[in-house]
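Visitor: Residues 6 to 771 (my numbering) make up the sequence shown, in order.
Just so you know, even glycine gets a beta-carbon here, dropped at the ideal spot from N, CA and C.
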Amino acid sequence: MGAALSVRGSPAAGQDAPAALTEADYARAEGRLGNHANPLVLGASVLPVWLDDGRFWYRNRFEGGTEYVIIDPGAGTRERAFDHARMAAALTAASGEEHTVFALPLGDLALESGTVRFEVDVEGETYVCGLDPDRCGAVASPEAPPAGRFDIVSPDGTKAAFIRDHNLWLRDLTTGETAHLTEDGVEDFGYATNNAGWVKSDRPVLKWSPDSRRIATFRHDARGVGMMYMVTTEVGHPELEAWRYPLPEDSVIFRIHRVVVDTEAPEGSRLVRLDMPPDQHRSTVCDHVACRGSFSDVEWSADGSRLVFVSSSRDHKRALVRIADAATGEVRDLFEEVVETFFESHANWRYLSESDEILWYSQRDDWGHLYLYDASTGALKRQLTSGAWNVERILRVDEDAGDILFMGNGREPGDPYFAYVYRAPLAGGDVALLTPDSANHVAWLAPDGETFVDQYSTPTMPSVTGVRNMDGELLRTVERADISRLERSGWQPPIPFTVRARDDETDLYGLMFRPSNFDPAAKYPVINYLYPGPQSGSVGSRSFRAAHRDLQSLAELGFVVIELDAMGTPRRSKTFQDAYYGNMGDNGLPDQIAGIRQLAERHAWIDIDRVGIYGHSGGGFASTSGILRYPDFYKVAVSQAGNHDNRNYEDDWGEKYQGLLEAYADGATNYDNQANQLVAENLRGKLLIAHGTMDTNVPHSNTMLVVDALIAANKDFDLLLFPNRGHGFGNEPYMMRRRWDYFVRHLLGAEPPSEYEFGRLQPLVP
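Written out as structure tokens, the structure is:
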């Protein structure tokens, strides 16, 4: 669809305002969405799957189809994993149904011991083919049932733990037999329960010991915790969903009673309760005790005899590191981290049981660095990294080699958000940069510890993927992404920019999107997309992306779209992230406004008198806050699924970034400065609020508080409720279309096409 945009923002004073946009304009904007743009990028889909011998394979999209490639880092070779044409013919012959290798999804392929294993859905049969196949044969399914969907499999793959009737059970993956590991679990006081209020699952929260014998978990105490209620929209009686969901105002929140379960002990002596009071349901990693698919802040010794864990205070200001005897339950306190605001480890700590040391992460000098502690005494031995930069993520600790491999950011010149791979010695010494290219790096380590895959890119430069050894030497380039088809479609990259924060001293970084038919003589209204933090930012990854949400699509409709990582967001200094601790109503908005004003001073084509704002979840909270607290600046806002008053949102979030709830003698509280409904009377612009009625993350009562206050203030606004939707409705076609329409009508001053329907657009480039 190459139709030119029929209207633009008003080019200059005295010129006629735009009248209407057409379906062709919306179709061109739709063509910039990820489902259209991403397939136009070739050679960027490297997700390495490692083999035991140090090789890896991946699926690669190239001009004409998909290939499966196998890389041998030692030999420096790149080959197709098998004869694709013969494989397709063999599968067709074996199954009786036509197959092409290109059509098989990545998850259906595994290279195991010199064979390529395809799981082809033909009456439930599995077909196995050799690397150089003449034919494929059906393989009978194993007699023992596989692990269940919510099972957690032991490291040796022989058994799995799961929850049944509030107790922990064990499944033998050889025989399929099951047996209970605990017996006294009951509702609201069960074992390994996965409920943080805002998120819940039937998958247990636990961590197996390396020898597959013991399980570290807890008894989840929800007794006395307040309830959350939601009802479905039905013909007839609605269905009630009710579960425990603690709020900041609650005197009782979830507690965890830590236990160790010995799966090989005789029945009746399997359960070891740690000798300590229950912990608050907190971690230093995320707003749950289950983060990144695992039991957070828990580390086993290599022999499974000891357990190191962190007990965090309810307000996240104190993290106590402890060690327990897995056989007796005896607990010793080692050391603690105490901060004035909140502590986060980002999972960047390890128990080094071989040397009986703890590798610890701290921002005590205002930057995220690694420290080494003696696990027997709790004494600090040395600081391993230092400087005005951050350790971002530990990749590997090699006790034998005596070094750490990690991702870090802010150490190299240029964009401080670019991540690089580094190596540091455990004994102390210089930090070595292993990925010198000035870009954002993503790394995958080989299991044998000899090599790693390094993929680097920037928002304007497509990815290059290579294999490096542990000295950072490039062994070979694997793929260079090809964006020629994307460019032929009319795509253009976002424009990186730097501005000063509200303090007129601190540099802030963002991306700007302009229409592909940009006219420098025109005047374009601005849409400010934001996610405010404090746990994240607006821009997200600095890697190359063909589509950034719908930001380029909105630009195609006649806007300049700006996203900026304001103060109060992570990955800079601790002071930077703490900028509005205790005042979440700030939302980084003073920095957003300061940045947009600076860009308008640089670029005459930015219309500073027409600025809109939008976001989802925390961004929905911030966009409403923007139009209510800065009504002279923001004229239009689209707010989706906002947590508008964190007294109505999960306890962990508000208490971490706003502090524990305090009520004052005059009836006010320390949470009043963040409550959007308390400033509803300030509304002067156009506001569209949207929420899902079954949002179990951010309950829609958050939005109803604002709606009620707007009604009481006699304000005009627009409300869109999505029946039976959860938290993720923001990119549903209807919500996207209504968002586009709202900005076109009220910020651009044009009439959108009537009820534009997504999904009809054909690929822009074959």
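Among the residues of its own chain, which have a CB less than 8 Å from the CB of Glu227, if the five just before and after it don't count?
Guide: In the sequence shown, the residue the question calls residue 227 occupies position 222. First, the amino acid is wrong: residue 227 is Ala here, not Glu. Within the same chain, Ala227 has close Cβ partners Asp193, Phe194, Thr198, Asn200, Arg249 and Phe259.
Visitor: So Pro537 packs on Ala680, CB below 8 Å; how close in whole Å?
Guide: Residue mapping note: residue 537 aligns to position 532 of the sequence shown, counting from 1. Residue mapping note: residue 680 aligns to position 675 of the sequence shown, counting from 1. Not really, about 15 Å apart at Cβ, beyond 8 Å.
Visitor: Spatial neighbours of Arg765 within its chain, please: C-beta separation below 7 Å, excluding the five flanking residues on both sides.
Guide: Residue mapping note: residue 765 aligns to position 760 of the sequence shown, counting from 1. Answer for Arg765: no residue qualifies.
Visitor: Which one or two residues does DSSP pair with Asn445 in a beta bridge?
Guide: As a working mapping, residue 445 is identified with position 440 in the sequence shown. Looking at the DSSP assignment, Asn445 forms a beta bridge with Ser462.
Visitor: Tell me which same chain residues have a C-beta within less than 8 Å of the C-beta of Thr163, skipping the five on either side of it?
Guide: Sequence index remark: in the sequence shown, residue 163 carries index 158 (1-based). Correct list, in chain order: Asp177, Leu178, Thr179 and Ser217.
Visitor: Is Asp555 helix, strand or coil by DSSP?
Guide: Along the sequence shown, one-based indexing puts residue 555 at 550. Note: Asp555 maps to coil in three-state DSSP.
Visitor: Please confirm whether any heavy atom of the ligand ZN lies closer than 7 Å to the CB of Ala332.
Guide: Absence of the ligand ZN is noted for the structure shown, with no ligands found whatsoever.
Visitor: Please classify Arg154 as buried or exposed, where buried requires at least 16 neighbouring CB atoms within 10 angstroms.
Guide: As a first step, residue 154 is located in the sequence shown; it is residue number 149 there, counting from the start. The residue in question, Arg154, is exposed, as its Cβ has fewer than 16 Cβ neighbours within 10 Å.
Visitor: With a 10 Å radius around its C-beta and 16 neighbouring C-beta atoms as the bar for buried, classify Val544 as buried or exposed.
Guide: The residue labelled residue 544 in the question sits at position 539 within the sequence shown. Buried, because 16 or more other Cβ atoms sit within 10 Å of the Cβ of Val544.
Visitor: For Asp509 and Leu753, what's the separation of their Cα atoms in angstroms?
Guide: Within the sequence shown, residue 509 is the residue found at index 504, counting from 1. Within the sequence shown, residue 753 is the residue found at index 748, counting from 1. Going from the Cα of Asp509 to the Cα of Leu753 covers about 31 Å.
Visitor: Give the straight-line distance between the Cα atoms of Val294 and Pro215, rounded to the nearest whole angstrom.
Guide: As a first step, residue 294 must be located in the sequence shown, where it is residue number 289. As a first step, residue 215 must be located in the sequence shown, where it is residue number 210. C-alpha separation (whole angstroms): 20 Å.
Visitor: Within 10 Å of its beta-carbon, does Pro464 have 16 or more other beta-carbons around it, so buried, or fewer, so exposed?
Guide: The residue labelled residue 464 in the question sits at position 459 within the sequence shown. Label assigned to Pro464: buried.
Visitor: From the DSSP output, in three-state form, read off Ser118 for me.
Guide: Within the sequence shown, numbered from 1, the residue matching residue 118 stands at position 113. For Ser118, the predicted structure reports a pLDDT of 43, less than 50, and the residue's modelled location is therefore unreliable. A value from the coordinates is still provided. Looking at Ser118 - three-state DSSP - the assignment turns out to be coil, as it is neither helix nor strand.
Visitor: Excluding sequence positions up to five away, which residues of its chain have a Cβ less than 7 Å from the Cβ of Leu38?
Guide: Working through the sequence shown from its first residue, we reach residue 38 at position 33. Once the five neighbours on either side are set aside, the close Cβ partners of Leu38 are Ala552, Asp555 and Ser558.
Visitor: I need the boundaries of the alpha helix (DSSP H) containing Ile261, first residue and last residue.
Guide: In the sequence shown, residue 261 corresponds to position 256, counting from 1. Not the alpha helix (DSSP H): Ile261 falls in the beta strand (DSSP E), residues Arg260 to Asp267.
Visitor: Report the partner residues of Ser548 according to the DSSP bridge assignment.
Guide: As a working note, residue 548 is residue 543 in the sequence shown. For Ser548, which the question treats as bridged, DSSP gives no partner whatsoever.
Visitor: Is it true that the stretch 452 to 470 meets the stretch 720 to 738, where meeting means three or more beta-carbon pairs spaced less than 8 Å apart?
Guide: Because the criterion of three Cβ pairs below 8 Å is not met, the stretch 452 to 470 and the stretch 720 to 738 do not touch.
Visitor: Going by CA-CA distance only, name the one from Leu339, Asp320 and Lys322 that's closest to Ile328.
Guide: Here the question's residue 328 lines up with position 323 in the sequence shown. Taking only the C-alpha atoms, the option nearest Ile328 is Leu339.
Visitor: Do you know how far the Cα of Ile76 is from the Cα of Val483?
Guide: Along the sequence shown, one-based indexing puts residue 483 at 478. Along the sequence shown, one-based indexing puts residue 76 at 71. Spanning the two alpha carbons is a distance of roughly 8 Å.
Visitor: Among Phe61, Phe167 and Pro530, which one has its Cα closest to the Cα of Val641?
Guide: Here residue 641 refers to the residue found at position 636 of the sequence shown. Per the Cα distances, Pro530.
Visitor: Would you mind sorting His621 into buried or exposed? The rule is 16 or more other CB atoms within 10 Å of its CB.
Guide: To locate residue 621, count along the sequence shown from 1; it is residue 616. It is buried - the Cβ of His621 has at least 16 other Cβ atoms within 10 Å.
Visitor: What does DSSP give as the partner residue(s) for Glu84 in the beta ladder?
Guide: On the sequence shown, residue 84 is found 79 positions in, with the first residue counted as 1. In DSSP, Glu84 forms a bridge with Ile75.
Visitor: For a test of the three-state rule: what should DSSP assign to Lys205, helix, strand or coil?
Guide: Along the sequence shown, read from residue 1 onward, the residue named residue 205 stands at position 200. If DSSP states are grouped into helix, strand and coil, Lys205 belongs with the strands.
Visitor: What is the C-beta distance between Pro209 and Ile261, in whole angstroms, given that I count them as a contact (C-beta under 8 Å)?
Guide: Locating residue 209 in the sequence shown gives position 204, where the first residue counts as 1. Locating residue 261 in the sequence shown gives position 256, where the first residue counts as 1. Actually they are not in contact, since the Cβ atoms of Pro209 and Ile261 sit about 13 Å apart, beyond 8 Å.
Visitor: Taking the continuous beta strand (DSSP E) assigned at Gly617, which residues delimit it?
Guide: Taking the sequence shown and counting its residues from 1, the one referred to as residue 617 is at position 612. Per DSSP, Gly617 belongs to the beta strand (DSSP E) from Ile611 to His621.
Visitor: In angstroms, rounded to a whole number, what distance separates the CA positions of Val290 and Asn353?
Guide: Here residue 290 refers to the residue found at position 285 when the sequence shown is read from its first residue. Here residue 353 refers to the residue found at position 348 when the sequence shown is read from its first residue. Distance between the alpha carbons of Val290 and Asn353: 9 Å.
Visitor: Tell me which residue opens and which closes the beta strand (DSSP E) that His696 is part of.
Guide: Along the sequence shown, one-based indexing puts residue 696 at 691. Segment Lys691 to Gly697, the beta strand (DSSP E) holding His696.
Visitor: Whose CA, out of Asp596, Gly495 and Asn533, lies closest to the CA of Arg507?
Guide: Taking the sequence shown and counting its residues from 1, the one referred to as residue 507 is at position 502. Among Asp596, Gly495 and Asn533, the Cα nearest to that of Arg507 is on Asp596.
Visitor: Based on the DSSP output, what are the partners of Ile168 in its beta bridges?
Guide: As a first step, residue 168 must be located in the sequence shown, where it is residue number 163. Answer is Leu173.
Visitor: Go ahead and label Glu760 buried or exposed: buried means 16 or more other beta carbons lie within 10 angstroms of its beta carbon, across all protein chains shown.
Guide: As a position in the sequence shown, residue 760 is number 755, starting the count at 1. Counting Cβ neighbours within 10 Å, Glu760 comes out exposed, since fewer than 16 surround it.
Visitor: Thinking C-alpha only, which one of Ser306, Gly309, Glu362 and Pro282 is nearest Ser317?
Guide: On the sequence shown, position 312 is the one that residue 317 refers to. Nearest of Ser306, Gly309, Glu362 and Pro282 to Ser317, Cα basis: Pro282.
Visitor: Taking only the alpha-carbon atoms, compute the straight-line gap between Tyr366 and Tyr585 and give it to the nearest angstrom.
Guide: If you number the sequence shown from 1, residue 366 lands on position 361. If you number the sequence shown from 1, residue 585 lands on position 580. Rounded to whole angstroms, Tyr366 to Tyr585 spans 23 Å at the Cα level.
Visitor: Decide if the stretch 586 to 594 is in contact with the stretch 520 to 529; the criterion is three or more beta carbon pairs, one per stretch, under 8 Å apart.
Guide: Too few Cβ pairs lie closer than 8 Å, so no.
Visitor: What residues in its chain sit with their C-beta under 6 Å from that of Lys386, if we drop five residues either side in the sequence?
Guide: Counted from its first residue, the sequence shown places residue 386 at position 381. Counting only Cβ-Cβ distances below 6 Å, and skipping sequence neighbours, we find Leu377 and Asp379.
Visitor: Would you call the stretch 651 to 660 and the stretch 240 to 254 in contact, with 3 or more CB pairs under 8 Å?
Guide: Touching, yes, given that three or more Cβ pairs across the two stretches are closer than 8 Å.
Visitor: To the nearest angstrom, how far is it from the Cα of Gly181 to the Cα of Gly309?
Guide: The residue you call residue 181 lines up with position 176 of the sequence shown. The residue you call residue 309 lines up with position 304 of the sequence shown. Going by the C-alpha atoms only, they are around 25 Å apart.
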